[in-house]
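Counting from -11, one number per residue, gives the positions in the sequence shown under this note's numbering.
Single-structure report; data block below.
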Amino acid sequence: MNFSILVSIFEASGWQALGKIPNPVTGKTELNLSAAENTIEILILLREKSKGNLTPDEEKYLSAAIANLQLNYAAEKEKPQTGAAEKEGVAKEDS
(Lines of atoms letter the chains of each structure in order from A and count residues from 1; the text may use other names and numbers.)
(Lines give C-alpha, C1' and ligand atoms only; values in the text may rest on other atoms or scores of the structure.)
Protein backbone atom coordinates (compact mmCIF):
# COMPACT_ATOMS: atom_id res chain seq x y z
CA MET A 1 0.00 0.00 0.00
CA ASN A 2 1.30 3.44 -0.78
CA PHE A 3 0.39 6.81 0.70
CA SER A 4 -1.88 7.83 -2.19
CA ILE A 5 -4.05 4.75 -1.67
CA LEU A 6 -4.44 5.62 2.02
CA VAL A 7 -5.49 9.17 1.12
CA SER A 8 -7.91 7.90 -1.54
CA ILE A 9 -9.60 5.62 1.02
CA PHE A 10 -10.30 8.57 3.32
CA GLU A 11 -11.23 10.78 0.38
CA ALA A 12 -13.82 8.26 -0.83
CA SER A 13 -15.19 8.04 2.70
CA GLY A 14 -15.58 11.83 2.72
CA TRP A 15 -17.38 11.88 -0.63
CA GLN A 16 -19.66 9.12 0.59
CA ALA A 17 -20.47 11.04 3.79
CA LEU A 18 -21.23 14.13 1.71
CA GLY A 19 -23.72 12.13 -0.34
CA LYS A 20 -21.71 12.55 -3.54
CA ILE A 21 -21.07 8.84 -4.11
CA PRO A 22 -23.25 5.90 -3.07
CA ASN A 23 -22.57 3.66 -0.12
CA PRO A 24 -21.06 0.52 -1.68
CA VAL A 25 -23.04 -1.72 0.67
CA THR A 26 -26.50 -0.16 0.32
CA GLY A 27 -26.12 1.48 -3.08
CA LYS A 28 -27.76 4.63 -1.67
CA THR A 29 -26.32 8.10 -1.28
CA GLU A 30 -26.41 9.28 2.30
CA LEU A 31 -25.62 12.68 3.78
CA ASN A 32 -23.77 12.59 7.09
CA LEU A 33 -22.06 15.93 7.75
CA SER A 34 -20.62 14.78 11.06
CA ALA A 35 -18.85 11.86 9.39
CA ALA A 36 -17.66 14.13 6.57
CA GLU A 37 -16.23 16.60 9.08
CA ASN A 38 -14.44 13.80 10.93
CA THR A 39 -12.95 12.49 7.69
CA ILE A 40 -11.68 15.95 6.75
CA GLU A 41 -10.14 16.33 10.22
CA ILE A 42 -8.39 12.95 9.85
CA LEU A 43 -6.90 14.03 6.52
CA ILE A 44 -5.72 17.32 8.03
CA LEU A 45 -4.14 15.44 10.93
CA LEU A 46 -2.48 13.07 8.47
CA ARG A 47 -1.04 16.06 6.61
CA GLU A 48 0.27 17.61 9.84
CA LYS A 49 1.84 14.37 11.09
CA SER A 50 3.45 13.51 7.75
CA LYS A 51 4.81 17.01 7.06
CA GLY A 52 8.33 16.81 5.67
CA ASN A 53 7.98 13.11 4.82
CA LEU A 54 5.86 13.36 1.67
CA THR A 55 6.92 13.63 -1.94
CA PRO A 56 5.70 16.76 -3.74
CA ASP A 57 3.09 14.67 -5.59
CA GLU A 58 1.81 13.13 -2.35
CA GLU A 59 1.56 16.55 -0.69
CA LYS A 60 -0.27 17.95 -3.72
CA TYR A 61 -2.73 15.03 -3.80
CA LEU A 62 -3.42 15.24 -0.06
CA SER A 63 -3.89 19.02 -0.13
CA ALA A 64 -6.23 18.79 -3.12
CA ALA A 65 -8.29 16.07 -1.44
CA ILE A 66 -8.65 18.18 1.70
CA ALA A 67 -9.52 21.35 -0.23
CA ASN A 68 -12.13 19.63 -2.42
CA LEU A 69 -13.79 17.94 0.54
CA GLN A 70 -13.79 21.19 2.54
CA LEU A 71 -15.41 23.12 -0.31
CA ASN A 72 -18.12 20.51 -0.76
CA TYR A 73 -18.65 20.26 2.99
CA ALA A 74 -19.13 24.04 3.19
CA ALA A 75 -21.62 23.92 0.31
CA GLU A 76 -23.61 21.15 1.98
CA LYS A 77 -23.54 23.00 5.31
CA GLU A 78 -25.12 26.06 3.65
CA LYS A 79 -28.04 24.04 2.28
CA PRO A 80 -31.10 23.82 4.49
CA GLN A 81 -30.92 20.49 6.30
CA THR A 82 -33.33 18.62 8.47
CA GLY A 83 -31.97 17.76 11.91
CA ALA A 84 -31.88 14.07 11.07
CA ALA A 85 -30.09 14.61 7.77
CA GLU A 86 -27.41 16.72 9.39
CA LYS A 87 -26.71 14.48 12.35
CA GLU A 88 -27.75 10.93 11.60
CA GLY A 89 -27.20 10.50 7.90
CA VAL A 90 -30.29 10.32 5.77
CA ALA A 91 -30.56 8.47 2.51
CA LYS A 92 -31.21 10.69 -0.48
CA GLU A 93 -33.30 9.57 -3.41
CA ASP A 94 -31.15 8.55 -6.36
CA SER A 95 -32.24 10.01 -9.67
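Beta carbons are placed, not taken as given, at the ideal position from N, Cα and C, and that holds for glycine.
What you are looking at is a predicted structure, and each value in this text was computed from that prediction instead of being measured.
Exercise for the section: Take the Cβ of Glu36 as the centre, count every other Cβ of all protein chains shown within 10 Å, and call the residue buried at 16 or more, exposed below. Expected result: Position 48 of the sequence shown, counting from 1, holds the residue named residue 36. The residue is exposed, with fewer than 16 neighbouring Cβ atoms inside 10 Å.
Practice task
Quick one: grab the DSSP three-state call for Leu6.
Solution key: Here residue 6 is taken as the residue at index 18 of the sequence shown, counted from 1. Strand at Leu6.
Handout entry: Nearest-angstrom beta carbon gap, Thr17 and Gly2 [assumed within contact, 8 Å]
Key = The count along the sequence shown starts at 1 and reaches residue 2 at position 14. The count along the sequence shown starts at 1 and reaches residue 17 at position 29. At roughly 13 Å, the Cβ-Cβ gap does not stay under 8 Å, so Gly2 and Thr17 are not in contact.
Problem - Residues near Ile9 in its chain [Cβ-Cβ closer than 8 Å; skip 5 each side] - result: Here residue 9 refers to the residue found at position 21 of the sequence shown. Here the set comprises Ala0, Trp3, Thr17.
Handout entry: Candidates Leu57, Glu66, Val13, Asn(-10), of which the one nearest Leu31 by Cα
Key = Here residue 31 corresponds to residue number 43 of the sequence shown, with the count starting at 1. Ranking the options by Cα distance to Leu31, first place goes to Leu57.
Handout entry: Residues near Glu25 by beta carbon distance below 7 Å, same chain, minus five either side
Key = Translated into the one-based positions of the sequence shown, residue 25 becomes position 37. A distance below 7 Å between beta-carbons, with the five flanking residues on each side excluded, links Glu25 to the following residues of its chain, in chain order: Tyr61.
Practice task
Could you tell me the distance, in whole angstroms, from the CA atom of Asn(-10) to the CA atom of Glu64?
Solution key: Counting from one through the sequence shown, the residue named residue -10 turns up at place 2. Counting from one through the sequence shown, the residue named residue 64 turns up at place 76. The C-alpha of Glu64 is placed about 31 Å away from the C-alpha of Asn(-10).
Exercise for the section: Compute the Euclidean distance between the alpha carbons of Ser38 and Pro12, then round it to the nearest angstrom. Expected result: For the purposes of this step, residue 38 is identified with residue 50 of the sequence shown, where counting begins at 1. For the purposes of this step, residue 12 is identified with residue 24 of the sequence shown, where counting begins at 1. Rounded to whole angstroms, the separation of the alpha carbons of Pro12 and Ser38 is 29 Å.
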